[in-house]
Structure formats: C-alpha cells, structure tokens
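Enquirer:
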Amino acid sequence: EIDVLWSWKSGGCGEELLVCSRFIVAIGRNAAAFLSSFILDSVCWEVVGVVKLWNEWCRTSSTTNVLPTDSFCLFYRLISDPTVLLCQCSCYVAEDQQFQWLEKVFGSMQKKGLQVTILSTCPVADYKTQESTLTLASPFLKALKTKEFQDQVCCPLLEQPNIVRDLPAA
Amino acid sequence: MFIPCDRGGGSAAPDFKGFTLLMPAVSVGNVGQLAIDLVISTLDMTKVGYFYTDCLVPMVGNNPYATAEENSTELSINAEVYSLPSKKLVVLQIRSPFIKNKYRPFCETLLSWVKSSSCARVVLLSSSHAYQRDDEQLLGTPLRYLLTPDLEKAVGGHMQELNWKEMEKVAAYPGISDTDKVLHIPGGGITKLLFTESCSKGIQMAVLLKFCSEGDNIPDAFVLVNYLNEWLQLIKSDVSTSNNSTDPSSPWKIPSSWRLLFGNGLPPALF
Chain A
1 EIDVLWSWKS GGCGEELLVC SRFIVAIGRN AAAFLSSFIL DSVCWEVVGV VKLWNEWCRT
61 SSTTNVLPTD SFCLFYRLIS DPTVLLCQCS CYVAEDQQFQ WLEKVFGSMQ KKGLQVTILS
121 TCPVADYKTQ ESTLTLASPF LKALKTKEFQ DQVCCPLLEQ PNIVRDLPAA
Chain B
1 MFIPCDRGGG SAAPDFKGFT LLMPAVSVGN VGQLAIDLVI STLDMTKVGY FYTDCLVPMV
61 GNNPYATAEE NSTELSINAE VYSLPSKKLV VLQIRSPFIK NKYRPFCETL LSWVKSSSCA
121 RVVLLSSSHA YQRDDEQLLG TPLRYLLTPD LEKAVGGHMQ ELNWKEMEKV AAYPGISDTD
181 KVLHIPGGGI TKLLFTESCS KGIQMAVLLK FCSEGDNIPD AFVLVNYLNE WLQLIKSDVS
241 TSNNSTDPSS PWKIPSSWRL LFGNGLPPAL F
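Line by line, the protein sequences give chains A and B.
Per UniProt numbering, the first sequence runs over residues 1 to 170.
Per UniProt numbering, the second sequence runs over residues 1 to 271.
1) Whose C-alpha, out of K145/A, K128/A, D166/A and Q150/A, is nearest the C-alpha of W258/B?
2) Going by beta-carbon coordinates alone, are I39/A and L119/A separated by less than 8 Å?
3) I believe M45/B touches V91/B by the beta-carbon criterion, under 8 Å. Please report the beta-carbon distance rounded to the nearest angstrom.
4) Hey, quick one: how far does the beta strand (DSSP E) through G61/B stretch, first residue to last?
5) Establish whether the CB of R104/B and some CB of chain A are separated by less than 8 Å.
6) Quick one: which unbroken beta strand (DSSP E) runs of 3-plus residues sit fully inside the stretch 35-106 of chain B? Chain order, please.
7) Based on DSSP bridge pairs, tell me the residues matched to T117/A.
8) Going by the CB atoms, is the gap between G32/B and S126/B shorter than 8 Å?
9) Are the C-beta of T135/A and some C-beta of chain B separated by less than 8 Å?
10) Using a Cβ distance threshold of 8 Å, determine whether the stretch 48-62 of chain B contacts the stretch 209-217 of chain B, with at least three qualifying pairs required.
11) Excluding the five sequence neighbours on either side, which residues of its own chain have a C-beta within less than 6 Å of the C-beta of D166/A, listed in chain order?
12) So Y76/A and E46/A are in contact, right, with Cβ under 8 Å, and what is the actual spacing, rounded?
13) Look at A206/B and L146/B and say whether their C-beta atoms are less than 8 Å apart.
14) Could you compute how far the alpha carbon of M167/B sits from the alpha carbon of F211/B?
15) Using a beta-carbon distance below 8 Å, is F99/A in contact with chain B?
16) Pull up the DSSP beta-bridge partners for Q76/A, would you.
17) State yes or no: is the beta carbon of Y82/B nearer than 8 Å to at least one beta carbon in chain A?
18) How about Q132/B and P58/B: are their beta carbons less than 8 Å apart?
19) Please report the distance separating the alpha-carbon of F72/A from that of E1/A.
20) Using Cβ-Cβ distances below 9 Å, what residues of the stretch 146-168 of chain A are close to chain E?
21) Cβ of V26/B less than 8 Å from any chain A Cβ?
22) Which stretch, first to last residue, makes up the alpha helix (DSSP H) that contains M159/B?
23) Please confirm whether L111/B and K17/B have their CB atoms less than 8 Å apart.
24) Hey, is the stretch 23-30 of chain B in contact with the stretch 130-140 of chain A, meaning 3+ C-beta pairs nearer than 8 Å?
25) Just to confirm, is the Cβ distance from A172/B to D178/B under 8 Å?
26) Grab the span of the beta strand (DSSP E) containing W6/A for me, first residue to last.
Here it is, written out as structure tokens:
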C-alpha cells in the first residue's frame, strides 16, 4: 500500500502533527515540472517527506535524489517559513490508493487555518465547451474553490459540465 | 460516512426519520443517475450533506444544477445527499464509478446508515442490459420492479393496481429446466447485492429498473423517472389537459450540467 515517510518522525513518536499554514500540491508531471522550474531550489527548500507506493503504472522509492524523469512524490518545506509545505507528485496514484494517500498525508498535518492549493493539468481535448477546442487559446487556467476560500482567484472558475477527477479531486 | 453540510446558525444534523431514500445504482447507461439528476433538478432540492467514502472514484466540479451565475460556484463531489422535507424525500446522488472490491463495503455502510437514520424505505433506480432479455421480456414494457418482503406487505397491492411487472427470475443454469430460479441483473452494478442485503436485513426496499443499452440514455431516464412518478407522485403529471400532452419530458427540468454530453462543438475548419 502507501507509506508516507516524514523526516522529523525518525524517532519513536509518530503522533506530532506538522503545523502547516499553506500546502501546495502539484499533481502530474506538468505541475511538478512547473514547481521544479519556477519555485524549488536547494537553497530555500528542504525535503521533509516522501511517499512510497507502487501500482501498475509506477513505483516510487524512498530516495529523495530524483531525476525529473522518475516517478516520485516528495514533500518540501520552505526553510524561512517552515509552515509552508509543498508536494510534488509526478507518479500516478491509482484509484484505490487515492483515499489512503489523502488520509495519510493530511493525517500528519494540523488542519486548522490551513490553505491548500492544488496544481494540476488536463488535456485541452477533454475540456467541454460550446465551440470546438481547436480554436481555444490554450493553455488556459481554470479554478475550483471551496466556500471557505476567501482570497481572490486569479482565473475564471471551471464551468459545468467540466469536472476534475482522481487525486486532484480527492 | 454521512457528513452533514454546514448550514450555519447551529442547525442540528438533518433528521430523515420516516423519509423515503431515493438513490441510483451505477448501472448500464447510467440511467438511474440521470433519473436522479432530473428529480433533484425539478424539485429544486437542497443539498444537506455528502458521503465521505473510499468506495467511489473521486471527482469534483461546480454545481451541476446551477440556474444562474450566483448559484454556480458551489462545489459538488461524487456522493451527495439532497432533501425535500415537504415530501419526506431524501435523495442520494452518486456521480462516479465504484472502485474495485468496494461494492460490499459500500452496501454495508449505506444500509447501516439507512437503519441509523430511520429511513422508512429505500427506492433504488437501476437498469439492466437490454441484450440479455429473453424472448418474453423482449415484448411489452421494458420496466420492472422488485420489492423486499417487508415492502411487499406494505405496497404489493398498489403495484398490482398500477399493472407493473415484477422482475423475472432466471434459471441458475440456463438450458437445464429444473434448476433453481435466481435473480439476475446484468449491468445493474450494486443493484442485486443491495437488494439481497436489504432482504436479509429487513429493510423496505424497492428496485425500479429499465432494460436499456449504452448510448443516448436521456430518453431512458425520462421513462424511468415517469415510472417512479406513477408510484411516488413526486410531481403532477398532467397527461390529458396540458398543451404538450404528447411530450413525456415536459414536467421534468433538465439540469444545466447535461449540456455537451456528446462532446464539444465542431471546428469550423472541418467544413
């Protein structure tokens, strides 16, 4: 199944929860690459966790020294503000693993006052709209937000009948 | 499993005592789910909560029953509960497929929720593969019903009056004439499991199903929801006096999320 290994839990006590104010999750190779190119660097961010899982499509390991072409799922923390957490998940999390991933990752965090941002990509061909997708200016951004999210959203909201599925939805 | 919505003002969890639970089976053509969409959309039902479950594939989107800009931004997920206290109706809508090996856990959790919330009865909308019908089933109505023994006592007579047809049992070993007859609902998803579990747990459950095939199942959904309406009388169906009396779809409101079911517009460069 799924194992989530955190760097601060090397001792016996597995009960402490990570205090987190912002959690950014990048799911899929494109989103993970975005974070690698624009956000992550070894000066400001440190690796604090890794997810070990395997399914028909990929297998991740507990090494944190990964190549961009590997399948991995790593957690980084901003050194200057340790409550900011980032997750790069370029491996595919199968349907029957998504719930467990969710419970184990969020189970390790204190959720009060936590703001979660999920970055993901979908093929334009899957986007349902009145016109043909051939004429759409792609790539474009759409968002979904919960009632509790009070800040400004930087792009239009996703219209029906479009939906999001798999891990970003979970 | 059931998480009530935060309605603010400190309102308590909704009470479903004595209510009828209406729910779909994820089955061939998704007819049950489409019919439930029609019920929720037409009766303008209020969302009262959702199921937090690992048995269904996750999905999320904006409000599928949105009628205007203002109400289109409420998030919607794979298993949500709506209610209409004036008709003592609570509806569960399921929007994604079941994960492998999760039929039984879901049925068990669902039925224990039904018992703990004291729902009076459960009505399951479902469908079955049309190509599996035998010669007799090919003739006549494609609609069938099933009742658990507890509900049979209560409404069996009413079904006779409505001239409804009960789902036939088939031979356990086709071709051999003197074998036991069993219930067989190909393409019905959790229908058979939920029905047999309800029988053994003494839950009053009715199954309403239609034989159909994959394709444009919107007409099937209308047929099924009108079938349901014959019994539960959820909406008035004026078949004789209204000006569009020949149109069976008129009283039901199609939700806005049914747009573009068959893909986007075509690129003009194609022509």
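A virtual CB, placed ideally from N, CA and C, is assigned to each residue, including glycine.
Expert: According to the data block:
1) Reading the second sequence from its first residue, position 258 is the one you call residue 258/B. Nearest option by C-alpha distance: K128/A.
2) As a working mapping, residue 39/A is identified with position 39 in the first sequence. As a working mapping, residue 119/A is identified with position 119 in the first sequence. No.
3) The sequence position of residue 45/B within the second sequence is 45, counting from 1. The sequence position of residue 91/B within the second sequence is 91, counting from 1. Indeed they touch by this definition, with Cβ atoms about 6 Å apart.
4) Numbered from 1 along the second sequence, position 61 holds the residue referred to as residue 61/B. Looking at the DSSP string, the run of the beta strand (DSSP E) that includes G61/B is M59 to N62.
5) Stepping through the second sequence from its first residue, residue 104/B is reached at position 104. Not closer than 8 Å to any Cβ of chain A, the Cβ of R104/B fails to qualify, so no.
6) 46-51, 59-62, 75-77, 79-84 and 89-94
7) For the purposes of this step, residue 117/A is taken as residue 117 along the first sequence, with counting starting at 1. Beta-bridge pairing links T117/A to I24/A.
8) Position 126 of the second sequence, counted from the first residue, corresponds to residue 126/B. Position 32 of the second sequence, counted from the first residue, corresponds to residue 32/B. Contact: yes.
9) Your numbering for residue 135/A matches position 135 in the first sequence. Yes, T135/A counts as interfacial toward chain B.
10) no
11) Counting from one through the first sequence, the residue named residue 166/A turns up at place 166. For D166/A, where only same-chain residues beyond five positions count, there are no Cβ hits under 6 Å.
12) As a working note, residue 76/A is residue 76 in the first sequence. As a working note, residue 46/A is residue 46 in the first sequence. About 7 Å separates the two Cβ atoms, so the contact holds.
13) Against the second sequence, residue 206/B aligns to sequence position 206. Against the second sequence, residue 146/B aligns to sequence position 146. Yes; because the gap between Cβ atoms is below 8 Å, this pair is in contact.
14) To locate residue 167/B, count along the second sequence from 1; it is residue 167. To locate residue 211/B, count along the second sequence from 1; it is residue 211. Cα-Cα distance, rounded: 11 Å.
15) Taking the first residue of the first sequence as 1, we reach residue 99/A at position 99. Yes, contact with chain B.
16) Translated into positions along the first sequence, residue 76/A becomes position 76. According to the sequence as given, residue 76/A is Tyr; it is not Gln. V47/A and L86/A, per the DSSP bridge assignment.
17) Counting from one through the second sequence, the residue named residue 82/B turns up at place 82. Closer than 8 Å: no.
18) Locating residue 132/B in the second sequence gives position 132, counting from the first residue. Locating residue 58/B in the second sequence gives position 58, counting from the first residue. It is not a contact, given that the beta carbons lie outside the stated cut-off.
19) Position 72 of the first sequence holds residue 72/A. Position 1 of the first sequence holds residue 1/A. Approximately 15 Å between the Cα atoms of the pair.
20) Given the protein chain composition of this structure (A and B), no chain E is represented.
21) As a working note, residue 26/B is residue 26 in the second sequence. Not closer than 8 Å to any Cβ of chain A, the Cβ of V26/B fails to qualify, so no.
22) Here residue 159/B is taken as the residue at index 159 of the second sequence, counted from 1. Its alpha helix (DSSP H) spans residues P149 to E161.
23) The residue given as residue 111/B occupies position 111 in the second sequence. The residue given as residue 17/B occupies position 17 in the second sequence. Result no, Cβ atoms of L111/B and K17/B do not sit closer than 8 Å.
24) no
25) Locating residue 172/B in the second sequence gives position 172, where the first residue counts as 1. Locating residue 178/B in the second sequence gives position 178, where the first residue counts as 1. Contact flag unset, no.
26) Counted from its first residue, the first sequence places residue 6/A at position 6. Run containing W6/A: D3 to W6, per the beta strand (DSSP E) assignment.
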